[in-house]
Structures are given as C-alpha cells and as structure tokens.
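Peer 1: Quick one: structure below, then a few questions.
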Amino acid sequence: MLDVRDLRVAYGGIQAVQGVSLRLYPGELVCLIGANGAGKSTTLKAITGLLKPQAGEVHFDGQRVDTGAAWQRVTQGLVMVPEGRGIFARMTIEENLRMGAYLRDDAEAIEADIEAVYARFPRLKERHRQLAGTLSGGEQQMLAMGRALLARPRLLLLDEPSMGLSPIMVDKIFEVVADIAAQGVTVLLVEQNAHRALQMAQRGYVMDTGRITLEGPAQQLLDDPKVREAYLGL
Ligand code: ATP
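In numbering that gives the first Met the number 0, the protein residues as written are 0 to 233.
What follows is the structure, given as structure tokens:
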C-alpha cells in the first residue's frame, strides 16, 4: 500500500532524512520509533507532501504520488494526524470535523461519518458547538483523529498521538488506534511510547539520525537487546 524509496529531506543545510525506505502492506499496523530529532516527523511530512523531498519516491497503492500535490494524496486516502494535532482552535468541534471532509462531495455520507465519529467519541458530540481550542489535550487528539476519519483514510499516519496526555487518555488513544486498525485502515504510527507501540503493531522500524537502523516483526524488536536498552529503557 505504501512504498517509500530512499527518501531524503533537508531543512536548508540540515539533512534530516538521509535515505529512508519503508513499506506498508494493506491492513498492517506498523510503528516507527526513534529518539527525538531522529527524523520521524520529517519522514511523515514528506510522505504526505507537506515537505518536498530532495530525492526519493513515494508510491501509494502502486502509484507514484510524490510528484503530485498533498491534497491529491488526501483524496486517494493517504491522511495524517500531525504532531501537535493541528486542530483549528477558533472553529467549533463540528466545523473542525467538517474540514476533514473538505475534499469530499458526498454530503449524505459525510453526515453519516460525522455521526460515526460522535458515536466513537461521545465527548465530541456533547461539545459539538464548543470552540476546539477550549478542549483538553486528550479531547483535541480525539478531534484530530475524528477529523482525519472524515477524510475516509485507507492509510492513516499518526504522529505521536499520545504525546503530553494523561495515562488514562493515553490508554484511550491506544484503544482508538487499535480499533481503527481493526476496521481495516492501514496505520503507520510514530510513537515516543515505543513499548506500547510495538506491543500493538505487527512490524516496526527504528530510526536514528535520519536513517532506518533496524526493522522487523514487532516481537523481534521488543526482544532485541539494543532496542530494549535504547528505546524501551529495559
Ligand atoms: P521528535 O520526536 O522530536 O518530533 P522526530 O524524530 O520527529 O523528533 P524531526 O522533527 O523529523 O524528528 O526532526 C529531524 C531533524 O530535523 C532534527 O534535527 C530537527 O532539529 C530538524 N528539524 C525539524 N524541523 C525543522 C525545521 N522546520 N527547520 C529546521 N530543522 C528542522
């Protein structure tokens, strides 16, 4: 479903991503872990088209997509929940959700999808007229995920969804990620909480200073002494 080939991304003279290749097969939940500054967010942004790579290719569903615009990837089903959530603070919850469907024109299905998001997150329904900026961090993360679901993703890229949340909210967010994956959405999960991410993923990639240094089945990474020491604190 996703085939990233030798991706390179720089910020001016800083080479943040130095030749990353990764693949996702339909229905997989794959995690990408690594220290702060390893280049995980930059990789996701280049996959979605928010950053232009210096070199490399991104193929989605067998089709090269990095030569087109970011919005075209969204219409194809490649959708990201960005780090920091990126919600529109001065719009209501419902307006934020509708923004997720901005590129769709199937009005009836959009209404049904909004109701489905409300059913998944009753908290958002209770507060649908409230400005999104007044929500707690965990609620904002739910809103960002709900908004992404309104784009009908087939591949969802999640950048640090549990960051800065209370333990109860972290549990809830991981539950939601598992549930979305169980419904057949392919997921690439970037997580600082490497242990939890590897426990729920089928496969994982480890990134260090702009490169993939290890990859394999999640259980193999969980058992790997280097991973345990460097990323799991064991
Ligand atoms: P984190 O978990 O801290 O977000 P990350 O693995 O996602 O880390 P990136 O955010 O992709 O890492 O950063 C990779 C490198 O690129 C770092 O050295 C970072 O300082 C640098 N970088 C990121 N964004 C920019 C930017 N807008 N301008 C310049 N350098 C940047």
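Positions of the beta carbon are idealized from the N, C-alpha and C atoms, including for glycine.
Quick caveat, the model's predicted, so the values are computed rather than measured.
(1) For A33, verify whether its CB is less than 7 Å away from any heavy atom of ligand 1.
(2) If you drop the 5 nearest sequence neighbours on each side, which residues of the same chain put their C-beta closer than 6 Å to that of A54?
(3) How long is the line joining the alpha carbons of M98 and L142, rounded to whole angstroms?
(4) Roughly how many whole angstroms lie between the Cα atoms of E107 and A150?
(5) At which residues does the beta strand (DSSP E) containing I113 begin and terminate?
(6) So is the beta-carbon of Y10 under 7 Å away from any non-hydrogen atom of ligand 1?
(7) Just checking K171 against ligand 1 - is the residue's beta carbon closer than 7 Å to any of the ligand's heavy atoms?
(8) To which residues of the same chain is I86 closer than 6 Å at the C-beta, ignoring the five residues directly before and after it?
(9) Looking at G83 and ligand 1, is the gap between the Cβ and the nearest heavy atom below 7 Å?
(10) Provide the residue span of the alpha helix (DSSP H) that contains Q191, from first to last.
(11) Would the segment 14–34 and the segment 204–220 be scored as touching if the rule is three or more Cβ pairs under 8 Å?
(12) If you follow the alpha helix (DSSP H) that T212 is in, where does it begin and where does it stop?
(13) So what does DSSP say about G99, is it helix, strand or coil?
(14) Buried or exposed: P166, going by 16 or more other Cβ atoms within 10 Å of its Cβ?
Peer 2: Based on what the coordinates show:
(1) A quick correction: the sequence has Gly, not Ala, at residue 33. Yes.
(2) Same-chain partners within the cutoff: R7.
(3) 11 Å
(4) The alpha-carbon separation between E107 and A150 amounts to approximately 14 Å.
(5) No beta strand (DSSP E) contains I113, which is instead part of the alpha helix (DSSP H) from A106 to R119.
(6) yes
(7) no
(8) Counting only Cβ-Cβ distances below 6 Å, and skipping sequence neighbours, we find N95, A131, Q139, L142 and A143.
(9) no
(10) Taken as a continuous stretch (DSSP letters only), Q191 belongs to no alpha helix (DSSP H), as it is neither H nor E.
(11) yes
(12) Here T212 belongs to no alpha helix (DSSP H); instead the beta strand (DSSP E) covers R210 to P216.
(13) helix
(14) exposed
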